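As you go down the protein sequences, you meet chains S and R in turn.
For what it's worth, my numbering labels the leading residue of the first sequence as 8, then goes sequentially.
For what it's worth, my numbering labels the leading residue of the second sequence as 201, then goes sequentially.
By construction, the Cβ of each residue, glycine as well, lies at the ideal position given by its N, Cα and C atoms.
Remember, predicted model here, so these are calculated numbers, not experimental data.
The block underneath contains the structure these notes are about, expressed in structure tokens.
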Amino acid sequence: MDLLNIIEEIEKVDPEFQDKISPRRSAIKNMTSFGSKVAVAALPFALGSLFKKAYAQQSTTDVVAVLNYALKLEFLESNFYNAGLGNTALVALGSSTEIAGLKLIQTDENNHVTFLTNTIKSLGGTPVSFTAANFDFTAKGTFPTVFTSFDTFLAVASTFEDTGVRAYKGQAPNLLRNKTVLTAALDIHSVEARHASHLRMMRRARTATTLKPWITGANDTGIAAVAATYAGEDNVTQGPVTITSLAGVSGNVSTTAATEAFDEPLTMAQVVTIVTPFFK
Amino acid sequence: MEFFTKKSDQLLTSTEAEPSQKMQRRQFLRYAGAGTAAVGLLAAEACKKDRNSYTGVYLGSGDIGILNYAYALEQLEAAFYTQVVANASFKTAFSTSEQGLLTDIRDHEVAHREFFKAALGANAIASLQVNFSSINFGDRANVLATAKAFEDLGVSAYNGAGYLIKSADYLTFAGKIVSVEARHAAYIRDLITPNSFVAMDVVNVSVNGLEYDKTPQQVLAVASTYITTKINADDLPTS
Chain S
8 MDLLNIIEEI EKVDPEFQDK ISPRRSAIKN MTSFGSKVAV AALPFALGSL
58 FKKAYAQQST TDVVAVLNYA LKLEFLESNF YNAGLGNTAL VALGSSTEIA
108 GLKLIQTDEN NHVTFLTNTI KSLGGTPVSF TAANFDFTAK GTFPTVFTSF
158 DTFLAVASTF EDTGVRAYKG QAPNLLRNKT VLTAALDIHS VEARHASHLR
208 MMRRARTATT LKPWITGAND TGIAAVAATY AGEDNVTQGP VTITSLAGVS
258 GNVSTTAATE AFDEPLTMAQ VVTIVTPFFK
Chain R
201 MEFFTKKSDQ LLTSTEAEPS QKMQRRQFLR YAGAGTAAVG LLAAEACKKD
251 RNSYTGVYLG SGDIGILNYA YALEQLEAAF YTQVVANASF KTAFSTSEQG
301 LLTDIRDHEV AHREFFKAAL GANAIASLQV NFSSINFGDR ANVLATAKAF
351 EDLGVSAYNG AGYLIKSADY LTFAGKIVSV EARHAAYIRD LITPNSFVAM
401 DVVNVSVNGL EYDKTPQQVL AVASTYITTK INADDLPTS
């Protein structure tokens with residue numbers, strides 16, 4: 008089978024074909040690495056998946072599924088802040104500046120719920136919906152003081168935001184080239200990252216820890232129960248590039264900087280496992 | 201303008217050129233009737249002349265163009281923080297905690313810059329020349345205001361260019377970096393004004409909680425204030 012000839016042939020009828028399967032080289036590389044494991048007879052199947060990738064726009068069903076997944080996480084977050092900031096005893100434990108900051112996050116999360124709900128409806132989908140009664144923010148007893156200790160509340164908030172960042176990032180490829188939906192998802196993703204940064208600095212200021220606005224290695228929170236939120240954040244290899252082999256300011260980029268400089272995605276399955284204990 | 205001559209050579213000799221560039225070249229060669237090596241060389245010369253009509257660095261087209269665009273912004277940020285941390289006033293203008301975190305940011309931006317350089321290989325644009333003469337590196341407020349502008353700009357740039365990326369892998373790289381830029385932006389903003397991490401100038405607070413994104417043209421117009429090297433973004437994808 009002469010793969011290159013096939014691509015030349017397709018070009019004759021579709022001049023943009025090479026653009027569509029870009030990066031062609033890595034696609035072909037993947038296929039050939041497939042080929043080393045799979046019998047050559049199976050190659051047409053690999054080719055089929057390449058073409059599917061080239062021509063298939065995401066179906067509306069797939070886009071709605073991603074948005075409903077995001078909406079579920081936004082409901083989790085918005086209900087969490089609504090419950091916490093509606094709890095006068097808890098609010099009394101924070102300074103006015105701290106509470107003001109949390110209210111900004113609360114506003115964003117509730118706006119995200121409304122935005123995603125409307126977007127799903129506009130695509131003809133059925134948005135998921137949750138109320139306060141659906142949640143157990145102690146995570147089945149893992150965080151019993153979530154609404155009685157301000158520090159526990161911040162720790163759980165921080166976990167939610169860092170998880171949210173990773174969740175949106177993991178879905179970006181499923182929205183590839185979708186100007187409206189991908190751009191909206193990215194515009195939410197960076198807001199979640201801003202929240203995460205702020206909450207981490209709040210925790211740093213209160214407990215004098217070495218916690219940073221960015222994620223250092225795998226689970227820098229000091230809370231073993233949230234390890235799954237940070238699994239894989241110690242990665243120092245980005246595609247073909249080993250970040251710790253690159254030149255830094257003095258010597259190579261440190262492992263610490265290499266892990267901090269790149270936030271890692273989580274799959275939908277990983278995120279569902281993390282958040283399931285918070286749902287009744 | 202030495203690097204721009206280098207760029208035009210590179211464009212013609214690169215083995216990693218974007219498919220679309222290769223297509224153009226192939227079509228050009230066909231059009232020119234290039235059947236022999238000699239004619240091919242002539243055609244290459246013609247191409248070169250054509251490329252020479254560009255001024256400054258040429259970002260390229262397709263995904264390579266977008267990655268070079270990101271590389272340009274990371275060069276700007278890395279150069280800025282390198283000067284911030286190296287400045288004699290750094291240790292007096294900032295607390296120990298702030299020095300640590302600002303040094304982290306410098307290291308992240310350098311890692312981003314070097315990542316793009318390595319990932320782009322022969323397709324990478326040259327090092328850009330920056331002009332920071334308008335920045336007072338000895339002044340805390342001025343340094344933070346500039347840092348805020350750069351970080352917010354970076355986030356809006358990645359957000360606005362995401363849909364232009366064709367490769368899922370490249371999109372993921374951009375996603376991995378943009379959230380770190382957003383973390384930087386929030387930290388810097390809170391240093392300037394507490395609780396300004398999601399202020400209404402960057403987030404559409406009253407409507408949907410989405411961050412404002414920017415097109416490459418909008419971003420480069422701002423960045424060009426600090427980048428002396430002329431950046432040619434003519435062939436960046438627009439849809």
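So, helix, strand or coil for Ala244/R, using DSSP?
Position 44 of the second sequence, counted from the first residue, corresponds to residue 244/R. Because the pLDDT of Ala244/R is 41, which lies under 50, any placement of that residue in the model is unreliable, and the number read from its coordinates should be weighed accordingly. Under the three-state reduction of DSSP output, Ala244/R falls in the helix class.
Inspect the beta-carbon positions of Tyr281/R and Arg306/R and report whether they are closer than 8 Å.
Taking the first residue of the second sequence as 1, we reach residue 281/R at position 81. Taking the first residue of the second sequence as 1, we reach residue 306/R at position 106. Their beta carbons are under 8 Å apart, which means Tyr281/R touches Arg306/R by this criterion.
State the DSSP-derived secondary structure class of Val135/S, mapped to helix, strand or coil.
The residue given as residue 135/S occupies position 128 in the first sequence. Coil, per DSSP.
Contacts around Gly239/S, its chain only, beta-carbon distance under 6 Å, and the 5 residues preceding and following it disregarded
To locate residue 239/S, count along the first sequence from 1; it is residue 232. So the qualifying residues of the chain are Glu271.
Taking the alpha carbon of Ala326/R as the reference point, which residue from His384/R, Phe316/R and Asp435/R has its own alpha carbon closest?
The residue given as residue 326/R occupies position 126 in the second sequence. Residue Phe316/R holds the alpha-carbon nearest to the alpha-carbon of Ala326/R among His384/R, Phe316/R and Asp435/R.
Relative to the C-alpha of Gly321/R, which residue among Arg184/S, Val248/S and Val282/S is closest?
Position 121 of the second sequence holds residue 321/R. Of the listed residues, the one whose Cα sits closest to Gly321/R is Val248/S.
Does the pairing of the stretch 204–213 of chain S with the stretch 135–143 of chain S give three or more beta-carbon distances under 8 Å?
Between the stretch 204–213 of chain S and the stretch 135–143 of chain S, the count of Cβ pairs shorter than 8 Å is below three; the stretches do not touch.
Is Glu267/S close to chain R, meaning its C-beta is less than 8 Å from at least one C-beta of that chain?
Within the first sequence, the letter at position 260 stands for residue 267/S. Chain R places a beta carbon closer than 8 Å to that of Glu267/S, counting this residue as a contact.
Report the partner residues of Phe286/S according to the DSSP bridge assignment.
In the first sequence, counting from the first residue as 1, residue 286/S sits at position 279. DSSP, once it has assigned bridges, lists Phe142/S as partnering Phe286/S.
Just checking, does the stretch 120–127 of chain S make contact with the stretch 171–186 of chain S on the three C-beta pairs under 8 Å criterion?
Result no; under three Cβ-Cβ pairs closer than 8 Å.
Let me see if you follow: with CB-CB separation under 8 Å, is Ala139/S close to chain R or not?
Along the first sequence, one-based indexing puts residue 139/S at 132. False, the Cβ-Cβ gap to chain R never drops below 8 Å.
For a quick check, are the C-beta atoms of Val402/R and Asp352/R less than 8 Å apart?
Mapped onto the second sequence, residue 402/R falls at position 202. Mapped onto the second sequence, residue 352/R falls at position 152. For the pair Val402/R and Asp352/R, the CB atoms are nearer than the 8 Å cut-off.
Partner residues on chain R for Leu100/S, Cβ-Cβ distance less than 9 Å:
Numbered from 1 along the first sequence, position 93 holds the residue referred to as residue 100/S. Those within 9 Å of Leu100/S in chain R number zero; the least Cβ separation is about 18 Å.
Where Ala254/S falls: helix, strand or coil (DSSP)
Numbered from 1 along the first sequence, position 247 holds the residue referred to as residue 254/S. Three-state result, Ala254/S: strand.
Can a CB atom of chain S be found closer than 8 Å to the CB of Ala279/R?
Indexing the second sequence from 1 puts residue 279/R at position 79. Closer than 8 Å to the CB of Ala279/R there is not a single CB belonging to chain S.
Mark Ser333/R as exposed unless 16 or more other C-beta atoms lie within 10 angstroms of its C-beta, in which case mark it buried.
Position 133 of the second sequence, counting from 1, holds the residue named residue 333/R. So Ser333/R counts as exposed.
Suppose the cutoff is 8 Å on Cβ atoms and the five residues either side in sequence are ignored; what does the same chain contact list for Ser33/S look like?
Counting from 1 along the first sequence, the entry for residue 33/S is found at position 26. Since pLDDT at Ser33/S reaches only 44, below the 50 mark, its modelled position is unreliable, and the value read off the structure follows with that caveat. Excluding residues within five positions, none has a Cβ falling inside 8 Å.
Relative to the C-alpha of Ile427/R, which candidate in Gly338/R, Phe294/R, Gly265/R and Phe350/R has its C-alpha closest?
Taking the first residue of the second sequence as 1, we reach residue 427/R at position 227. Nearest option by C-alpha distance: Phe350/R.
As assigned by DSSP and simplified to three states, the class of Asn336/R:
As a first step, residue 336/R must be located in the second sequence, where it is residue number 136. DSSP places Asn336/R outside both helix and strand once states are collapsed to three, so it counts as coil.
Grouping DSSP H, G and I as helix and E and B as strand, with all else coil, what is Tyr269/R?
Indexing the second sequence from 1 puts residue 269/R at position 69. Note: Tyr269/R maps to helix in three-state DSSP.
Min CB distance Arg383/R to chain S below 8 Å
Within the second sequence, residue 383/R is the residue found at index 183, counting from 1. Chain S, which has a Cβ nearer than 8 Å to the Cβ of Arg383/R, makes this yes.
Quick check on this structure: which residue in Thr68/S, Ser156/S and His202/S has the alpha carbon closest to the alpha carbon of Gly307/S?
This structure cannot speak to residue 307/S, because chain S is shown only from 8 to 287.
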